[in-house]
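Visitor:
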Amino acid sequence: MKFSTRVKAIRNGMEFGHGVRRALIVALALVYFVQMGFSVVWITTLFALSSLFTMLLEFPTGAVADYDSRKKSLMISYFLFTVAFLGIYFANSFWVIAAFWVISDIAWTFTTGAGSAWAIDALGIGKKKSQIVRLISRGYIFERGGLIVGGLIGLVIIAINFRLIWLVSGIVSLLIFIMIWKYMEERNFTPEKVPHGYLKKSWLKAIESYNFIFHKKNRNLRIIMGNSILANIGWSIFTLAVPLFFVQTIGLKPEFYAGALGVIAFISLGAPLIAERVVEKSGFRFSLLMTSIVTGVMMIGIAFSRWVILAFLLFAILKIFEVILDVAEASASHHEFDSKIRASLGSIGSINWNVADSIGVFLAGIGIVTIGIANTLIVGGAIVFLTAFVYLLMRE
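Heads up: the sequence shown begins at 420 in this note's numbering, then just goes up one per residue.
1. Quick one: what's got a C-beta closer than 7 Å to I778's C-beta in the same chain, skipping five residues either side?
2. Does the stretch 452-466 come close enough to the stretch 780-789 to have 3 or more Cβ pairs within less than 8 Å?
3. Counting C-beta neighbours from all protein chains within 10 Å, is the total for N771 16 or more, i.e. buried, or is it exposed?
4. What residue does the alpha helix (DSSP H) around G570 start on, and which one ends it?
5. Once you ignore the five residues that flank R440 on each side, which residues in its own chain have a CB closer than 6 Å to its CB?
6. In three-state DSSP terms, what is T806?
7. Look at the Cβ atom of N639, then the Cβ atom of M813, and state whether they are nearer than 8 Å.
8. Can you give the Cα-Cα distance for L471 and L623, rounded to whole angstroms?
9. Is it true that the stretch 796-808 meets the stretch 652-662, where meeting means three or more beta-carbon pairs spaced less than 8 Å apart?
10. Quick one: grab the DSSP three-state call for I648.
11. Going by C-alpha to C-alpha distance, which of F498, V453, G681, A684 sits closest to W600?
12. Can you tell me whether V515 is buried or exposed, with buried defined as 16 or more other CB within 10 angstroms of its CB?
13. Is A735 closer than 8 Å to E674 when the C-beta atoms are compared?
14. Leaving out five residues before and five after H753 in sequence, what residues of the same chain have Cβ atoms less than 7 Å from its Cβ?
15. Given that a residue counts as buried once 16 or more other Cβ atoms are within 10 Å of its Cβ, and exposed if not, what is L574?
16. Taking only the alpha-carbon atoms, compute the straight-line gap between W527 and V453 and give it to the nearest angstrom.
17. If you draw a straight line from the C-alpha of F740 to the C-alpha of M717, how long is it?
18. Helix, strand or coil for D757 per DSSP?
19. Which same chain residues, not among the five before or five after G558, have their C-beta less than 7 Å away from its C-beta?
20. If the criterion is Cβ atoms closer than 8 Å, does the pair I790 and Q667 meet it?
21. Taking the alpha carbon of E627 as the reference point, which residue from M603, I760, E695 has its own alpha carbon closest?
22. For I597, count neighbouring Cβ atoms within 10 angstroms of its own Cβ and tell me buried if that reaches 16, exposed if not.
23. Assuming S458 is part of the alpha helix (DSSP H), what are its boundary residues?
24. For a test of the three-state rule: what should DSSP assign to W527, helix, strand or coil?
25. What do you get for K700, buried or exposed, if any count of 16 or more other CB atoms within 10 angstroms of its CB means buried?
26. Let me make sure I understand the geometry here. Which of I642, W726, F633, K636 has the alpha-carbon closest to that of L671?
27. Just verifying my parser: in three-state terms, what is the DSSP assignment at H437?
28. By the 10 Å Cβ neighbour count, where 16 or more other Cβ atoms means buried, how is S549 classified, buried or exposed?
29. Reducing DSSP to helix, strand and coil, say where L623 ends up.
30. In whole angstroms, what separates the C-alpha of E467 from that of V774?
31. Sort F731, S512, A684 by Cα distance to G565 and report the nearest one.
32. Take K636 and list the residues in its own chain whose beta-carbon comes closer than 8 Å to its own, dropping the five residues that flank it on each side.
33. Span of the alpha helix (DSSP H) holding D487?
34. Thinking just about the alpha-carbon of each residue, which of V450, I555, G786, A694 is nearest to the one in G532?
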């Protein structure tokens with residue numbers, strides 16, 4: 420197999436695994452924990468505090484990828500995912516589950532930025548806009564495929580035993596760990612021999628990365644990364660509340676919700692290809708503006724829906740435009756990144772996401788209890804809608 424083909428196959432395999440994880444864990448964890456009898460506020464507080472804690476690890480873990488090895492970073496990530504998901508599968512105590520949940524968030528810090536950094540540098544396409552967009556968009560096709568498979572698996576196994584979502588996710592993570600261990604090869608990347616421990620190394624990379632972001636020539640990168648904090652607060656509010664909306668407000672069983680996610684992922688399978696065309700024809704600024712407006716409107720529309728068919732129609736449209744938005748944002752960011760700090764810049768993006776996610780999850784938990792699920796969705800959608808107009812400040 421050609422090296423470039425192998426690189427793309429491994430990256431697409433990781434994206435497929437992320438899709439399965441999103442269908443089974445990200446979409447359904449809150450519903451699972453609530454059905455176990457845990458308080459919504461307790462669980463959302465766990466999610467928020469875990470995000471804040473793991474945010475502190477982003478630069479030390481990013482330093483592993485930028486100084487030593489992207490492969491090493493990704494192997495650690497999927498090993499920890501395996502331990503975390505299998506641990507939750509066997510656990511019943513809230514505090515044991517909380518410990519393994521934190522481990523899963525730590526696992527995520529080792530993969531943020533590292534996978535894309537490895538693939539882009541290995542292929543030597545760091546400044547080739549169209550090839551970056553193509554790589555990222557094709558990865559999203561496989562991520563959609565993972566969502567489809569994960570949704571179909573969920574439809575079957577949740578009806579048998581809801582707990583099985585953790586076992587399946589753990590097995591998938593283990594298989595990806597083996598794939599990376601046996602087949603990943605690093606090219607166009609030279610480890611930096613800096614005579615310091617990881618804390619000092621990470622501090623040096625943090626300084627270098629923030630100096631890069633705040634350099635006067637990197638205006639677009641500052642806008643993208645700064646605005647993502649506000650937008651992701653809205654996305655976190657929506658993502659946390661929407662499963663409860665479908666299960667508790669509309670009355671779907673959890674397994675049918677998982678199956679519906681698979682159907683929606685199938686419907687949106689061509690969205691990454693649409694994203695390629697949209698970004699190529701319209702540029703990053705217009706793509707980010709319009710997709711943020713549409714997704715914000717769809718979020719609000721779902722909150723007002725009481726018919727299952729209408730709610731899922733709006734959800735399907737939302738998911739199509741969410742993919743376009745994700746492709747445009749990731750491509751725009753990587754187009755602005757410097758190769759030697761690509762993973763560390765990705766870590767800054769993940770820190771921004773963790774901050775936003777902690778705020779959004781905490782607000783969602785309070786909102787669900789005080790103003791109701793539907794109104795909480797409206798708040799999330801309104802935030803995403805308003806952040807769209809910040810992208811007008813970008814220079815194409």
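All C-beta atoms in this analysis are idealised placements derived from N, C-alpha and C, irrespective of residue type, glycine included.
Guide: By the coordinates alone:
1. I652
2. Of all C-beta pairs linking the stretch 452-466 to the stretch 780-789, three or more are shorter than 8 Å, placing the two stretches in contact.
3. buried
4. 548-579
5. S588
6. helix
7. Yes, these two residues count as a Cβ contact at 8 Å.
8. Rounded to the nearest angstrom, the two C-alpha atoms are 22 Å apart.
9. yes
10. helix
11. F498
12. So V515 ends up on the exposed side.
13. no
14. S535, I539, I551
15. Here L574 is buried: its Cβ has 16 or more other Cβ atoms, across all protein chains shown, within 10 Å.
16. Our two residues, W527 and V453, have alpha carbons roughly 23 Å apart in a direct line.
17. Going from the Cα of F740 to the Cα of M717 covers about 10 Å.
18. Coil, per DSSP.
19. R430, N431, E434
20. No, these two residues do not count as a Cβ contact at 8 Å.
21. I760
22. exposed
23. Counting along the chain, S458 falls outside any alpha helix (DSSP H), and DSSP gives it neither H nor E.
24. helix
25. Classification for K700: exposed.
26. W726
27. Helix, per DSSP.
28. Looking at its Cβ environment, which holds fewer than 16 other Cβ atoms inside 10 Å, S549 is exposed.
29. Here L623 sits in helix by DSSP.
30. Looking at the sequence itself, residue 467 is Ala, so the reference to Glu does not match. Roughly 9 Å separates the two Cα atoms.
31. For the residues F731, S512, A684, the minimum Cα distance to G565 belongs to A684.
32. Same-chain partners within the cutoff: there are none.
33. Run containing D487: none; DSSP gives neither H nor E here.
34. For G532, the nearest C-alpha among the options comes from I555.
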